[in-house]
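Taken in order, these protein sequences are the chains called A and B. Counting along the first sequence from 1, when you hit position 212 you're at 212 in this note's numbering, and nothing is skipped either side. Counting along the second sequence from 1, when you hit position 238 you're at 238 in this note's numbering, and nothing is skipped either side.
Protein chains: 2
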Amino acid sequence: MASDVPPVPVFPKPVTLRDVAAQAGVSVATASKALNDQGRMTAETRERIRDTARSLGFRPNSLAQSLLRRRSFTVGLLTNDTYGRFSLPLMSGISDSLVDAGVSVFLCNVEEDPRLGQLHVEAMLDKRVDGIIATGKRIDRHLPVDLSSLRIPVIYAFTQPDPDAVAFVSDDAGGAWLAVEHFCRLGRKRIAHVTGPASFAVVHERAQAYRATLIENGLPVIEPLLGTWSEAWGHEAVAKLFDTNGERPDAVFCGNDQIARGVIDALRERGLGVPNDVGVIGFDNWEIVAEATRPPLTSVDMNLAALGREAGLTLLSLVGGKPATPGIRKLPCRLVMRQSCGRLPDDEKDG
Amino acid sequence: MASDVPPVPVFPKPVTLRDVAAQAGVSVATASKALNDQGRMTAETRERIRDTARSLGFRPNSLAQSLLRRRSFTVGLLTNDTYGRFSLPLMSGISDSLVDAGVSVFLCNVEEDPRLGQLHVEAMLDKRVDGIIATGKRIDRHLPVDLSSLRIPVIYAFTQPDPDAVAFVSDDAGGAWLAVEHFCRLGRKRIAHVTGPASFAVVHERAQAYRATLIENGLPVIEPLLGTWSEAWGHEAVAKLFDTNGERPDAVFCGNDQIARGVIDALRERGLGVPNDVGVIGFDNWEIVAEATRPPLTSVDMNLAALGREAGLTLLSLVGGKPATPGIRKLPCRLVMRQSCGRLPDDEKDG
DNA sequence: GCAATAAGAGAAAACGTTTTCCCAACTAGG
DNA sequence: CCTAGTTGGGAAAACGTTTTCTCTTATTGC
Chain A
1 MASDVPPVPV
11 FPKPVTLRDV
21 AAQAGVSVAT
31 ASKALNDQGR
41 MTAETRERIR
51 DTARSLGFRP
61 NSLAQSLLRR
71 RSFTVGLLTN
81 DTYGRFSLPL
91 MSGISDSLVD
101 AGVSVFLCNV
111 EEDPRLGQLH
121 VEAMLDKRVD
131 GIIATGKRID
141 RHLPVDLSSL
151 RIPVIYAFTQ
161 PDPDAVAFVS
171 DDAGGAWLAV
181 EHFCRLGRKR
191 IAHVTGPASF
201 AVVHERAQAY
211 RATLIENGLP
221 VIEPLLGTWS
231 EAWGHEAVAK
241 LFDTNGERPD
251 AVFCGNDQIA
261 RGVIDALRER
271 GLGVPNDVGV
281 IGFDNWEIVA
291 EATRPPLTSV
301 DMNLAALGRE
311 AGLTLLSLVG
321 GKPATPGIRK
331 LPCRLVMRQS
341 CGRLPDDEKD
351 G
Chain B
1 MASDVPPVPV
11 FPKPVTLRDV
21 AAQAGVSVAT
31 ASKALNDQGR
41 MTAETRERIR
51 DTARSLGFRP
61 NSLAQSLLRR
71 RSFTVGLLTN
81 DTYGRFSLPL
91 MSGISDSLVD
101 AGVSVFLCNV
111 EEDPRLGQLH
121 VEAMLDKRVD
131 GIIATGKRID
141 RHLPVDLSSL
151 RIPVIYAFTQ
161 PDPDAVAFVS
171 DDAGGAWLAV
181 EHFCRLGRKR
191 IAHVTGPASF
201 AVVHERAQAY
211 RATLIENGLP
221 VIEPLLGTWS
231 EAWGHEAVAK
241 LFDTNGERPD
251 AVFCGNDQIA
261 RGVIDALRER
271 GLGVPNDVGV
281 IGFDNWEIVA
291 EATRPPLTSV
301 DMNLAALGRE
311 AGLTLLSLVG
321 GKPATPGIRK
331 LPCRLVMRQS
341 CGRLPDDEKD
351 G
């Protein structure tokens with residue numbers, strides 16, 4: 001019965017240091033030292049060992065090294081963002097910063113499930129990760145795991161941290177300031193704010209910065225419109241803002257790009273031109289949305305890849321034994337200019 | 001100078017089997033056997049060892065186990081999809097299928113960079129992953145890595161496989177059939193196809209299935225319109241299809257959801273109703289797009305999560321020593337009904 | 001020519017497990 | 001009472017490295 005099954009691929013045993021040593025006619029100790037630039041031996045011996053290692057295709061077994069060094073060169077990346085809009089750039093930044101240090105990343109999707117979270121954390125601990133980065137889809141929600149008393153360094157990035165932890169989040173107030181200030185400089189006088197539900201902390205943070213920036217600039221505050229993070233809400237909000245006898249806005253700062261998309265479409269449908277009649281700025285700079293609006297959407301970018309890189313580097317230094325002061329670090333946003341705001345009257349530009 | 005730096009967190013050494021054994025007054029051998037249900041000893045001894053292990057919070061060091069068993073319970077996941085639309089569901093499916101087997105996943109983003117690919121593959125090999133899953137954003141493109149002669153099992157999922165490899169891809173022809181056949185059953189007579197660039201293999205595969213299905217049903221074939229994967233192209237295509245004196249389509253099968261979005265918007269702008277005047281079906285079932293169109297978009301879903309699960313399970317069985325016949329397995333798509341096609345005249349439904 | 005030093009290389013311990021083999025102490029059978 | 005078998009448990013090897021220590025041989029200084 002075993003004669004006509006497809007051939008089982010044969011996986012040869014990896015070549016070990018012992019093989020190299022035997023082939024080169026030295027002891028494993030010497031072989032190890034030759035390859036690691038340690039110990040004393042003739043240049044000839046060292047070269048010979050290296051040559052045989054190369055020719056045999058020797059690669060040291062990381063498991064053995066890790067066991068000995070008590071350092072696995074791996075970290076765990078916990079996330080509950082299956083959706084990916086936020087975690088993808090974040091993950092990519094984290095991964096970038098680590099791969100150069102030879103550190104590999106375990107991807108752990110914990111959803112909202114504490115059991116899954118526990119499972120993954122234990123697996124990471126058992127595999128002796130050097131540290132853990134916790135990531136999420138919301139700054140104001142905890143992952144369904146307790147990382148507060150682990151024996152390894154933990155960094156939080158774009159998720160609610162435990163007290164006394166090291167955390168990186170975006171500076172949402174700064175992002176809002178960037179948007180509103182930009183409108184002000186362009187000479188917009190009635191700037192509205194259409195954003196997400198009150199249950200999100202960032203909604204309040206940005207709304208507060210929105211108000212403050214308007215007041216700074218001596219402009220009227222239109223009470224922010226809270227709704228959902230959807231295109232449909234963008235449509236609705238335009239109806240509320242523009243079906244009025246009073247003065248209508250000449251700019252709308254939106255809480256995310258989907259709302260902005262809805263706003264732009266709704267404005268066009270009622271014959272208002274963007275950016276001429278109304279300027280629009282979004283948030284998140286989700287390219288797939290921001291580049292598809294007509295005109296393309298100027299939007300606040302949270303620099304999540306940079307945030308991820310920062311988190312990765314900080315974890316690395318923590319793992320290396322350098323202490324980091326606990327606390328939340330807010331990293332600046334940037335405004336990505338497209339065509340939904342119009343140009344500055346003078347020399348500055350908004351392309 | 002070291003007196004006023006923040007306190008360095010102290011990371012206590014993990015408790016080892018030796019600690020457990022000492023505490024319980026037995027040898028490590030006995031302790032190991034007690035915890036693994038091996039060997040012979042009194043039930044009392046076994047229980048006592050287990051109790052002390054529990055009370056000490058002992059967790060076996062995976063590195064040591066892996067070294068001995070020559071099996072690390074980790075796999076590498078290679079991808080070049082930073083964008084994430086396809087790889088996220090895929091990754092989530094893969095991860096789901098593996099986590100239950102206690103297998104952790106190394107995330108390796110190789111972009112399009114052979115150097116990065118090489119780097120990651122070597123890191124995986126060094127860390128003695130049990131297998132590798134290669135994933136991409138295109139079925140018809142190779143990752144920038146050579147996995148053809150590795151000493152470990154490799155599975156390809158949603159990317160171009162090497163010959164004689166085991167691969168899983170979506171059945172795009174089947175997906176196209178699903179869409180066109182659905183239109184036919186709804187009584188649509190002139191069904192158009194607006195899709196992406198000719199450089200994509202799936203464009204031809206789907207177009208071919210589109211033609212075949214129309215012919216099967218005795219309907220006229222409108223030559224597929226090839227363009228880009230963008231909303232803008234959806235707009236343009238509508239202009240081409242409907243600015244004509246001849247008969248106009250009553251259904252459009254789109255190559256992805258963004259094109260469909262453009263098509264629906266363009267139809268609305270020229271006063272054509274969806275689904276009454278024209279039915280529209282998209283591809284990819286990207287919820288964020290499909291649910292935001294007005295009306296919500298019926299779309300072909302490639303079941304990527306299921307595909308990922310399948311890939312994960314197959315890798316597991318390969319790692320377990322069971323052979324798998326090489327070749328490309330096409331997994332069926334499914335049609336997700338929303339409101340862009342209208343209902344069947346009779347008893348079937350499209351909700 | 002002899003001690004002191006340096007150079008080159010190997011032996012062995014260590015990392016934390018698992019597993020095979022072995023040994024002592026019982027138990028049962030005659 | 002003596003042997004054969006069973007039971008409970010430990011010693012040691014193994015996985016593949018790195019590192020410390022030791023040993024032999026060559027070189028130098030006087």
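Backbone N, C-alpha and C fix where the C-beta goes; we use that ideal spot for every residue, glycine too. For clarity, every value in this text was computed on a predicted model and none was experimentally measured.
What does a CB cutoff of less than 6 Å around residue i pick up in its chain, not counting 5 residues either side in sequence?
i, result
"A:L214", "V221"
"B:A173", "E205, A209"
"A:S97", "R309, G312, L313"
"A:L241", "A192, P249"
"B:R77", "Per the sequence shown, the amino acid found at residue 77 of chain B is Leu instead of Arg. Cβ within range, chain order: V105, L107, I133."
"B:L225", "V194, A237"
With DSSP run on the structure shown, which of helix, strand or coil describes residue i?
i, result
"A:R138", "coil"
"A:K353", "As shown, chain A starts at 1 and ends at 351. That puts residue 353 of chain A outside it, with no answer to give."
"A:I281", "strand"
"A:V221", "coil"
"A:P7", "Annotation note: pLDDT 40 at A:P7 (below 50); position unreliable, coordinate value reported separately. DSSP places A:P7 in coil when its eight states are reduced to three."
"B:A2", "Annotation note: pLDDT 39 at B:A2 (below 50); position unreliable, coordinate value reported separately. B:A2: coil per DSSP, three-state reduction."
"B:Y156", "strand"
"B:G234", "helix"
"B:A167", "strand"
"A:S55", "helix"
"B:G246", "coil"
"A:S66", "helix"
"A:T314", "helix"
"A:T74", "strand"
"B:A251", "strand"
"A:L331", "strand"
Within its chain, find whatever has a CB closer than 7 Å to the CB of residue i; leave out the 5 residues flanking it on each side and keep chain order.
i, result
"B:D162", "L147, S148"
"B:R188", "D250, A251, G279"
"B:A24", "A31, R48, I49, T52"
"A:V15", "L56, G57, F58"
Since residue i and residue j should fall inside the 8 Å C-beta cutoff, what is the C-beta to C-beta distance between them, to a whole number of angstroms?
i, j, result
"A:G234", "A:A260", "7 Å"
"A:V203", "A:V238", "Their Cβ separation, rounded to whole angstroms, is 19 Å, which puts A:V203 and A:V238 out of contact at 8 Å."
"A:D126", "B:P60", "7 Å"
"B:L272", "B:G93", "No, B:L272 and B:G93 are not in contact; Cβ-Cβ is about 38 Å, not under 8 Å."
"A:F158", "A:F253", "Rounded, the Cβ-Cβ distance is 21 Å, inconsistent with contact."
"B:L331", "B:S72", "About 28 Å separates the two Cβ atoms, so there is no contact after all."
"B:P12", "A:R151", "6 Å"
"A:L88", "B:G84", "4 Å"
Span of the alpha helix (DSSP H) holding residue i?
i, result
"A:S97", "87–99"
"A:R268", "257–269"
"A:N36", "28–36"
"B:T213", "201–216"
"A:V289", "287–290"
At a threshold of 6 Å, does residue i count as lining the ligand ATP (C-beta to nearest heavy atom)?
i, result
"B:V121", "The ligand ATP is not part of the structure shown, which contains no ligands of any sort."
Determine the extent of the beta strand (DSSP E) in which residue i is found, giving its start and end residues.
i, result
"A:N303", "Looking at the DSSP string, A:N303 is not in any beta strand (DSSP E), and its letter there is neither H nor E."
"B:C184", "Counting along the chain, B:C184 falls outside any beta strand (DSSP E), though it belongs to the alpha helix (DSSP H) covering 172–185."
"B:T195", "191–195"
"B:R334", "334–336"
"B:A324", "No beta strand (DSSP E) holds B:A324; DSSP gives it neither H nor E."
"B:L272", "No beta strand (DSSP E) contains B:L272, which DSSP labels as neither H nor E."
"B:V105", "104–109"
Using a Cβ-Cβ cutoff of less than 8 Å, which residues in the same chain neighbour residue i once the five nearest sequence positions on both sides are dropped?
i, result
"B:V300", "G175, A176, L178, A179, I281, G282, F283, D284, N285, C333, R334, L335, V336"
"A:G327", "V166, A167"
"B:V110", "L78, T79, N80, L116, G117, H120, L143, P144, V145"
"A:V8", "With a pLDDT of only 44 at A:V8, under 50, the local geometry of the prediction cannot be trusted, and no value is derived from it."
Contact set between the region 116–131 of chain A and chain B, restricted to residues whose Cβ is under 8 Å from the partner: L116, L119, H120, E122, A123, M124, L125, D126, K127, R128
Interfacial residues, the region 43–62 of chain B to chain A, with Cβ spacing under 8 Å: R59, P60, N61, S62
The region 97–110 of chain B: positions lying closer than 8 Å to chain A by Cβ: V99, G102, S104, V105, F106, L107, C108, N109
Members of the region 248–266 of chain B that neighbour chain A once the beta carbon cut-off is set at 9 Å: Q258, R261, G262, D265
Contacting positions in the region 302–324 of chain B - beta carbon closer than 7 Å to chain A: P323
Contact list for the region 138–157 of chain A against chain B, Cβ threshold 7 Å: R151, I152
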